[in-house]
Every structure is written in C-alpha cells, then in structure tokens.
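One structure below.
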Amino acid sequence: MKTRILFSLVLFAAIAWPSAVVKRPNVVFIFTDDQRPDAFGAVGNPDVKTPNMDRLFHNGFVFKQAYIQGSMTFATCLPSRAMLMSGKSLFRAPMRLDSGTILPQALRKGGYHTFATGKWHNGELSFENSFDEAEAVFFGGAARSHIGVPVHRMIAGLMVPYDSGESFSTELFADAAIEYIESRQKIDKPFFCYIPVTAPHSPVTPPGKWATMYDPKKITLPPNHVALRPDLAESTRGGSRRGGGRGGRGRGGDENGETSPVERAKQDYAKYYGLISHLDHHVGRVLDTLEKTGQADNTIVVLATDHGMSKSSHGASGKNNAYEHTSRVQMVFSGATVPKGSSDALVYLYDIYPTLCGLAGLPVPEGVEGKNLTKLIRGKSEKVRDHLFTAYMQDQRTIRDDRWKLFHRGSENRVSLYDLKNDPHELNDLAKRPEHAKRIAELKAALAKARVEYGDTDEAVARLMRSRGGRPGGGGRGPSGGGAPPAIDATGLAKRVAEKLLAHAEAESGLAKRGFESAWVELHTEWRDGESATSRNDLVRGFGGLLGDQTTERGGRPTGPSAVVARAFSYATDSDGDREITAEEVQSAAKKWASDGDKNADGRLSTAEITSVIKGFIQSMPAPRGRRR
Numbered sequence: 001m002k003t004r005i006l007f008s009l010v011l012f013a014a015i016a017w018p019s020a021v022v023k024r025p026n027v028v029f030i031f032t033d034d035q036r037p038d039a040f041g042a043v044g045n046p047d048v049k050t051p052n053m054d055r056l057f058h059n060g061f062v063f064k065q066a067y068i069q070g071s072m073t074f075a076t077c078l079p080s081r082a083m084l085m086s087g088k089s090l091f092r093a094p095m096r097l098d099s100g101t102i103l104p105q106a107l108r109k110g111g112y113h114t115f116a117t118g119k120w121h122n123g124e125l126s127f128e129n130s131f132d133e134a135e136a137v138f139f140g141g142a143a144r145s146h147i148g149v150p151v152h153r154m155i156a157g158l159m160v161p162y163d164s165g166e167s168f169s170t171e172l173f174a175d176a177a178i179e180y181i182e183s184r185q186k187i188d189k190p191f192f193c194y195i196p197v198t199a200p201h202s203p204v205t206p207p208g209k210w211a212t213m214y215d216p217k218k219i220t221l222p223p224n225h226v227a228l229r230p231d232l233a234e235s236t237r238g239g240s241r242r243g244g245g246r247g248g249r250g251r252g253g254d255e256n257g258e259t260s261p262v263e264r265a266k267q268d269y270a271k272y273y274g275l276i277s278h279l280d281h282h283v284g285r286v287l288d289t290l291e292k293t294g295q296a297d298n299t300i301v302v303l304a305t306d307h308g309m310s311k312s313s314h315g316a317s318g319k320n321n322a323y324e325h326t327s328r329v330q331m332v333f334s335g336a337t338v339p340k341g342s343s344d345a346l347v348y349l350y351d352i353y354p355t356l357c358g359l360a361g362l363p364v365p366e367g368v369e370g371k372n373l374t375k376l377i378r379g380k381s382e383k384v385r386d387h388l389f390t391a392y393m394q395d396q397r398t399i400r401d402d403r404w405k406l407f408h409r410g411s412e413n414r415v416s417l418y419d420l421k422n423d424p425h426e427l428n429d430l431a432k433r434p435e436h437a438k439r440i441a442e443l444k445a446a447l448a449k450a451r452v453e454y455g456d457t458d459e460a461v462a463r464l465m466r467s468r469g470g471r472p473g474g475g476g477r478g479p480s481g482g483g484a485p486p487a488i489d490a491t492g493l494a495k496r497v498a499e500k501l502l503a504h505a506e507a508e509s510g511l512a513k514r515g516f517e518s519a520w521v522e523l524h525t526e527w528r529d530g531e532s533a534t535s536r537n538d539l540v541r542g543f544g545g546l547l548g549d550q551t552t553e554r555g556g557r558p559t560g561p562s563a564v565v566a567r568a569f570s571y572a573t574d575s576d577g578d579r580e581i582t583a584e585e586v587q588s589a590a591k592k593w594a595s596d597g598d599k600n601a602d603g604r605l606s607t608a609e610i611t612s613v614i615k616g617f618i619q620s621m622p623a624p625r626g627r628r629r
C-alpha cells in the first residue's frame with residue numbers, strides 16, 4: 001500500500017511539474033559589430049564567404065525583418081546594446097544598464113550559469129552584476145587595434161585588467177568561449193555564453209591570409225553605392241559635384257591617374273569581407289566545440305548584429321542614418337528545439353531578451369518592452385507588430401509596415417516614401433506621386449502615434465544626445481546617460497565597495513594585489529567623468545606600482561594594500577575631488593595611512609585587517625555631499 005502511494009505521488013509530481021524534469025537549453029549568443037545585413041553568404045551575397053554563419057541560417061529560424069530602433073548618439077553600438085540587454089526601447093533603455101533586470105541577470109535567476117567574453121559597452125558595474133565568469137572582456141566602444149586589445153578577466157566577482165598579448169581580438173574571444181564551453185560539458189546546469197565580438201568594426205585590418213582573401217576588382221558594390229564623401233552627396237541617385245559619375249559608378253579612375261572613388265570603395269569592401277571571413281572561421285571553431293563536446297543538441301545558438309553600416313551606400317560612410325543598410329540587422333535562432341524556418345514579421349533586436357526567456361521556460365521580468373517571438377518560431381503566429389519605428393539623432397524618423405517605409409527628415413521638413421518590396425535599396429522616392437497621398441497621410445499618423453508610444457519627446461532626445469560626450473562605455477554622465485552628475489552618497493558608495501572587497505578577501509583568504517587594482521577602477525568609474533581627470537589606465541598603472549612596492553622603511557612591513565583602500569575612501573570625501581591626483585599625492589597617502597599589521601608573504605591582507613581599515617574610514621566620513629564640477 002505504501003509503495004502504491006509513493007508511486008502515485010511520484011507520477012503526480014512528474015505530471016504536475018513537468019518543468020522540474022525538463023532540462024533547459026544552453027544558450028550561446030554570438031553578437032557581431034558593425035556588420036551590414038547583406039554581408040553574409042546565406043542572404044545572397046556572392047562576394048563574401050561565411051560558411052559557418054551560413055549553417056546557422058540554413059539550420060535555424062531567420063527573422064528577415066529585424067531592426068534596431070535607432071540611436072541618439074554617434075556611438076550607435078551603445079544604445080543598441082543597451083536595448084538588447086534591457087529589453088527596452090530606445091528612449092527608455094538605461095545606457096549603463098543600471099536599472100531593472102537585464103538579460104544575463106534574468107537567466108542567472110532562472111538557474112543559468114553566465115559567462116561573457118568580448119565587448120561590453122555599458123559600464124563595468126552592470127557587467128560585474130550580471131556574469132558568474134568572464135575572460136577577455138573589452139570595456140569600451142572601439143579599440144585602436146584588434147591586436148593587444150585592453151581586456152579584463154573576472155576574479156572573485158571583480159574585473160581585473162591583464163595583458164592580452166599579440167592575439168587578434170576575434171581569436172582571443174573565441175579561445176575564451178571555447179575554453180568555457182569545454183569546461184561545462186560534464187556540469188548539469190544550463191549556461192549562457194555571451195560572445196559580443198568587436199569584428200568587423202574598424203580598424204578594418206584582417207590578419208594574415210584574410211587580408212588578401214578578396215580581389216577588389218571582383219567586388220560588386222551595392223546598387224545604392226555613391227562614391228562621395230558624405231557631405232558631398234547630393235541625392236540618392238544622379239550625378240554629383242565631384243567625381244564618381246552617375247551614382248559614383250561611372251568612372252574607372254581620376255584624370256591624374258589616382259585611384260578612383262569606386263576603386264577605393266572596392267578595396268575597402270575587400271578588407272571588410274576579409275575581416276568577416278576571419279570572424280566566420282572562429283565562429284566555426286565555437287560551433288565545432290559544441291559538437292565535439294556533445295552539447296550542440298541542447299544548445300540554442302543566437303547569431304545577431306548590433307546594427308548595419310553604410311560604407312558609401314547613399315553617400316554615407318558610418319552608421320548614423322535610418323536607411324535599411326544601417327538599421328536592419330540579421331537575427332537567427334538555431335539549435336536545440338528551434339525549427340528551421342523564417343519570418344517576415346517586423347521585429348526589434350531587443351525582442352531577443354523575452355524570446356530567450358520564452359525558449360528557456362522562464363518568466364519575462366517586469367519592465368521588458370520587447371516581444372516574445374516564440375509563437376512566430378513555433379508557427380503559431382505571423383506578426384507581432386503592424387508598424388516598426390526607428391529614430392536617428394534629432395533629425396531622422398521612419399515608420400514602415402510590411403511594404404511601405406516613410407522617411408521623415410525634420411531639418412528639411414520633408415518626407416520620402418519607399419516601396420521596400422520593389423525597391424529594397426531605397427533608390428526611388430515616391431513621395432511626390434499623387435496616388436500615394438493617402439498612404440503618406442496614414443503613415444504620418446502611425447509615426448506620430450509611435451513617437452508617443454515609445455517616448456520620443458524633445459526632453460528624451462536632449463537627454464540621450466548629451467550622452468555623446470560621455471565616457472566610452474559609460475553612456476555619458478550620470479547613471480542613465482544624461483543630465484548633470486547626481487549628488488554622491490560617499491558613505492553608501494564606500495560601503496558598497498567595501499562589501500566587494502570583503503567578498504573578494506573571503507573568496508581568496510585575503511585580498512590580492514589585483515583585487516585592489518580592480519576596486520580602484522570601479523571607484524574611479526563611479527566618481528570621474530573621464531574628461532578632466534587622470535585616465536583609468538594611468539591610475540591603474542600608478543596604483544599597480546604602489547602595490548608592487550609592499551614594504552616601507554618601518555621594519556619592512558608591507559603597507560601598500562591598506563594604503564590604497566585608505567586613499568580610495570579618503571578621495572571620496574576629498575574637498576577638492578575634481579582635480580587630478582598626482583603620483584606624489586598617492587605616495588603621501590600611502591605613508592599617511594599605512595597599516596602596521598603583519599601580512600602574508602604575497603602582500604595579502606587578512607579579512608580582519610581589511611574590515612578594520614574599512615570601518616575606520618566609514619566611521620570618519622563626513623555627511624554625504626555632491627561633487628563639484
């Protein structure tokens with residue numbers, strides 16, 4: 001009888017709570033940087049070879065009409081990633097991701113182990129609060145070179161800088177991801193592996209054989225190519241004031257024998273495609289690792305791009321416009337239980353967040369605006385939006401439906417109308433044709449409604465526009481990327497950093513040199529704008545040198561670590577905290593605040609010593625005050 005009852009209870013549990021016995025899929029998210037939506041072999045580009053990314057297209061579910069919502073900054077990467085990680089629209093996404101529950105945090109709460117390598121553009125603190133492990137992480141927008149990229153790794157919850165050597169960035173990130181994936185093959189816990197690479201972002205310098213992989217003479221330029229400087233482009237089509245012939249495509253060379261605009265554009269594309277093919281090679285290494293470790297069948301692989309690029313389309317060179325080649329992105333889900341297929345539904349890049357929650361069987365956190373696309377993937381729905389809205393800077397706004405796109409340019413007070421079904425390259429403006437008057441009126445009304453829905457107000461535009469002058473990776477001044485610096489609670493900040501220091505000390509039985517370096521980096525990130533202060537790298541090097549000298553003349557006892565803690569917290573309440581800190585001041589502070597406690601041979605402080613030092617400073621701190629500019 002007891003056996004029968006026990007069996008019934010077990011059976012009931014299996015039926016009532018099926019999620020308890022269903023293994024959630026792993027997630028590998030590959031996120032490319034500045035890759036045009038047409039720069040994939042799978043979408044019909046015959047010039048670029050991307051066999052590994054193509055197999056994700058061929059075996060997965062492709063969203064053919066995926067877009068970013070736009071940008072109010074020249075650094076389009078920043079808002080794109082803020083929207084992606086927060087699941088919020090352009091005017092509501094926190095640029096530093098310092099509010100709400102962002103994607104890796106939601107997955108971690110749902111039982112996922114989280115890992116990241118590559119580019120993080122939205123503040124270090126949000127990163128530390130989101131990932132369990134990290135290796136080879138680049139904080140910022142663009143590095144000067146793909147070799148020797150300044151990167152960090154996570155040690156006991158703190159991001160610590162280290163020398164990346166001579167590895168090319170894409171290889172460096174792929175190596176880190178592969179090592180992590182290999183380490184998870186015998187661990188019965190789902191993981192989230194985020195790989196936001198920096199390629200093919202400039203500098204467009206493919207390494208080795210990839211630099212000469214493509215013959216510029218064989219490159220086919222896009223139909224909307226205009227070989228002009230952006231400031232000299234008169235129109236989408238037609239002649240120009242300088243060179244290039246009709247649409248920049250007519251002349252083979254300049255009269256003086258110099259390289260023609262067309263030839264230069266082809267050379268640029270050849271390098272760009274080489275960088276993409278090099279990226280594709282390392283994407284293949286990641287996918288092969290999933291196969292070799294037996295994890296491919298239970299792993300969802302997401303491939304997406306943060307935005308497109310002009311690269312001379314419509315006479316522009318960058319990514320700050322609302323044309324299709326810039327605002328449209330590729331977005332693919334593949335693997336695990338994802339079926340093969342595609343959708344023409346109008347979707348945003350930030351829909352990835354709730355969709356991954358849906359595929360993982362997790363609730364979508366409150367405040368997420370993106371749409372869960374699982375019904376589209378499962379074939380249970382055909383659309384999630386009637387219209388799709390984009391915004392670039394204060395001047396450009398677009399609204400589109402399944403076919404028609406209205407492009408409004410505020411500075412010129414004019415609209416353009418494009419038939420994307422028959423004119424995907426936006427070459428023919430139909431706005432002046434009388435038969436489209438009603439359609440234009442309807443789209444104008446839809447645009448006005450969308451601006452209200454998404455919070456596109458003058459105040460919101462001004463706030464985000466101000467973020468252009470902010471510190472790279474931080475989204476401008478203030479926690480949300482705009483406005484004047486907020487008043488700082490010195491005591492509260494000190495306590496928060498102190499908690500991190502103590503956690504690190506407990507994890508490693510003392511606080512290592514790099515832990516103090518990382519703590520200072522965080523404190524500096526919180527307190528300085530990066531405009532009139534000593535650079536973070538200068539400070540890290542300066543404190544690193546101080547920490548390297550662990551002895552004084554007082555009996556040979558090491559004093560460096562406690563001196564750094566003391567200097568960090570005393571700086572927080574410095575009466576003249578906006579000026580630069582000199583090396584002499586750092587040395588003076590070290591001597592002033594040196595601890596007399598015994599230390600381990602490697603210069604570690606015990607938890608008790610750290611506690612004592614920190615408590616002393618917290619107790620001596622004055623009342624909170626704002627920081628002067």
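All residue numbers for the sequence shown refer to this note's numbering, where the first residue is 1 and numbers rise by one. Yeah, the Cβ is synthetic: ideal placement off N, Cα and C, and Gly gets one too.
What does Gly341 pair with, by DSSP beta-bridge criteria? Taking the first residue of the sequence shown as 1, we reach residue 341 at position 341. According to DSSP, Gly341 bridges with Phe61.
Could you check the C-alpha separation between Thr457 and Leu443 for me, to the nearest Å? Looking up residue 457 in the sequence shown gives position 457. Looking up residue 443 in the sequence shown gives position 443. Whole-angstrom Cα-Cα distance: 19 Å.
Starting from Leu388, trace the alpha helix (DSSP H) in both directions and tell me its first and last residue. Against the sequence shown, residue 388 aligns to sequence position 388. Where Leu388 is concerned, there is no enclosing alpha helix (DSSP H), although the beta strand (DSSP E) it sits in stretches over Leu388 to Tyr392.
May I have the straight-line CA-CA distance separating Val62 from Ala316, to the nearest angstrom? In the sequence shown, counting from the first residue as 1, residue 62 sits at position 62. In the sequence shown, counting from the first residue as 1, residue 316 sits at position 316. If I take the Cα positions, the gap works out to 28 Å.
Nearest neighbour of Trp47, chosen from Ser277, Val160 and Glu182 [CA to CA]: As a working note, residue 47 is residue 47 in the sequence shown. The sequence as given places Asp at residue 47; Trp does not occur at that position. Selected option, being the one with the closest Cα: Ser277.
Run through the segment 154–198 for me and flag every whole alpha helix (DSSP H) of 4 or more residues, listed as ranges in chain order. 169–183
Do you know whose CA, among Lys432, Ala106, Ile352 and Arg403, lies nearest Arg414's CA? By 1-based counting over the sequence shown, the position of residue 414 is 414. Comparing Cα positions, the closest option is Lys432.
Unbroken stretches of the alpha helix (DSSP H), 4 residues or longer, contained in the segment 71–156: 77–86, 103–109 and 124–128
In terms of alpha-carbon separation, which member of Leu346, Tyr194 and Tyr348 lies closest to Tyr112? As a position in the sequence shown, residue 112 is number 112, starting the count at 1. The shortest C-alpha separation from Tyr112 is found at Tyr194.
Which of helix, strand or coil does DSSP assign to His425? For the purposes of this step, residue 425 is identified with residue 425 of the sequence shown, where counting begins at 1. Of the three classes helix, strand and coil, the one that applies to His425 here is coil, per DSSP.
Go ahead and pull the three-state DSSP assignment for Thr398. For the purposes of this step, residue 398 is identified with residue 398 of the sequence shown, where counting begins at 1. The answer is strand: DSSP assigns Thr398 an E or B state.
Along the beta strand (DSSP E) that carries Asp268, what are the first and last residues, could you check? Along the sequence shown, read from residue 1 onward, the residue named residue 268 stands at position 268. Asp268 -> not in any beta strand (DSSP E); alpha helix (DSSP H) instead, spanning Pro261 to Lys292.
Buried versus exposed call for Asp344 [16 or more other C-beta atoms within 10 Å across all chains shown]: Numbered from 1 along the sequence shown, position 344 holds the residue referred to as residue 344. With fewer than 16 Cβ atoms within 10 Å of its Cβ, Asp344 is classed as exposed.
Let me make sure I understand the geometry here. Which of Thr259, Glu291 and Met465 has the alpha-carbon closest to that of Lys217? Counting from 1 along the sequence shown, the entry for residue 217 is found at position 217. Among Thr259, Glu291 and Met465, the Cα nearest to that of Lys217 belongs to Thr259.
Please work out which residues of its chain come closer than 6 Å, Cβ to Cβ, to Ile181, disregarding the five sequence neighbours upstream and downstream, and give them in chain order. Working through the sequence shown from its first residue, we reach residue 181 at position 181. Excluding sequence neighbours, Ile181 sits near Thr289.
Three or more C-beta pairs below 8 Å linking the segment 406–422 and the segment 99–117: no
Rounded to whole angstroms, what's the CA-CA distance from Met393 to Asn320? Just pull it up for me. Position 393 of the sequence shown, counted from the first residue, corresponds to residue 393. Position 320 of the sequence shown, counted from the first residue, corresponds to residue 320. One C-alpha to the other measures close to 8 Å.
Quickly, what does DSSP pair Thr299 with across the bridge? List them, please. The residue given as residue 299 occupies position 299 in the sequence shown. According to DSSP, Thr299 bridges with Asn26.
In three-state DSSP terms, what is Gln550? Taking the first residue of the sequence shown as position 1, residue 550 is located at position 550. Model confidence at Gln550 stands at a pLDDT of 30, short of 50, so the residue's coordinates are unreliable; what they give is reported in the following sentence. Looking at Gln550 - three-state DSSP - the assignment turns out to be coil, as it is neither helix nor strand.
Leaving out five residues on either side along the sequence, give the residues of the same chain with a beta carbon under 8 Å from the beta carbon of Asn52. On the sequence shown, position 52 is the one that residue 52 refers to. Excluding sequence neighbours, Asn52 sits near Asp280, His281, Val283, Gly284 and Leu287.
So, with DSSP's three-state summary, where would you put Tyr350? In the sequence shown, the residue the question calls residue 350 occupies position 350. Correct three-state label for Tyr350: helix.
Bridge-paired residues (DSSP) for Tyr454: Translated into the one-based positions of the sequence shown, residue 454 becomes position 454. Paired residues: none, contrary to the question.
May I have the straight-line CA-CA distance separating Arg81 from Ala391, to the nearest angstrom? In the sequence shown, counting from the first residue as 1, residue 81 sits at position 81. In the sequence shown, counting from the first residue as 1, residue 391 sits at position 391. For Arg81 and Ala391, the distance between alpha carbons rounds to 16 Å.
Opening and closing residue of the alpha helix (DSSP H) in which Ser327 lies: Position 327 of the sequence shown, counted from the first residue, corresponds to residue 327. Per DSSP, Ser327 belongs to the alpha helix (DSSP H) from Glu324 to Ser327.
Let me check understanding here. Comparing Cα to Cα, which of Pro354, Asn45, Pro363 and Ala462 lies closest to Met85? Here residue 85 corresponds to residue number 85 of the sequence shown, with the count starting at 1. It is Pro354 whose Cα lies nearest to the Cα of Met85.
Among the residues of its own chain, which have a CB less than 6 Å from the CB of Gly70, if the five just before and after it don't count? Within the sequence shown, numbered from 1, the residue matching residue 70 stands at position 70. Only Leu90, Thr390, Ala391 and Tyr392 meet the Cβ criterion.
According to DSSP, is Gly555 part of a helix, a strand, or is it coil? Reading the sequence shown from its first residue, position 555 is the one you call residue 555. Low confidence applies to Gly555: its pLDDT is 33, below 50, so where it sits in the model is not reliable, and the reading given next is rough at best. Gly555 falls in the coil class under three-state DSSP.
Beta-carbon proximity check, Pro150 vs Ala360, cutoff 9 Å: Your numbering for residue 150 matches position 150 in the sequence shown. Your numbering for residue 360 matches position 360 in the sequence shown. No, the Cβ-Cβ distance between Pro150 and Ala360 is not below 9 Å.
Classification of Pro479 by the beta-carbon crowding that lies within 10 angstroms, buried from 16 upward: Here residue 479 refers to the residue found at position 479 of the sequence shown. At Pro479, the pLDDT of 28 sits below 50, so the modelled position is not reliable; the number obtained from the coordinates is stated separately. Pro479 should be labelled buried.
Per DSSP, what are the beta-bridge partners of Gly335 in this structure? Locating residue 335 in the sequence shown gives position 335, where the first residue counts as 1. Note: Gly335 sits in a beta bridge opposite Ile300.
Rounded distance between the beta-carbons of Glu135 and Arg153, thought under 8 Å: Within the sequence shown, the letter at position 153 stands for residue 153. Within the sequence shown, the letter at position 135 stands for residue 135. With a Cβ gap of about 5 Å, Arg153 and Glu135 count as contacting.
Just to confirm before moving on: does the CB-CB distance between Gly410 and Asp429 stay below 9 Å? To locate residue 410, count along the sequence shown from 1; it is residue 410. To locate residue 429, count along the sequence shown from 1; it is residue 429. Not in contact: Gly410 and Asp429 (Cβ atoms no closer than 9 Å).
On the criterion of 16 or more Cβ atoms from any shown chain inside 10 Å, does Val564 qualify as buried, or is it exposed? Taking the sequence shown and counting its residues from 1, the one referred to as residue 564 is at position 564. Because the pLDDT of Val564 is 44, which lies under 50, any placement of that residue in the model is unreliable, and the number read from its coordinates should be weighed accordingly. It is buried - the Cβ of Val564 has at least 16 other Cβ atoms within 10 Å.
According to the Cβ coordinates, are Tyr273 and Tyr214 closer than 9 Å? Along the sequence shown, one-based indexing puts residue 273 at 273. Along the sequence shown, one-based indexing puts residue 214 at 214. Yes; because the gap between Cβ atoms is below 9 Å, this pair is in contact.
By DSSP, does Thr630 sit in helix, in strand, or in coil? Since the first and last residues shown for the chain are 1 and 629, residue 630 lies out of range.
Where the beta strand (DSSP E) containing Lys405 begins and where it ends: By one-based count along the sequence shown, residue 405 stands at place 405. Here the beta strand (DSSP E) through Lys405 covers Trp404 to Arg409.
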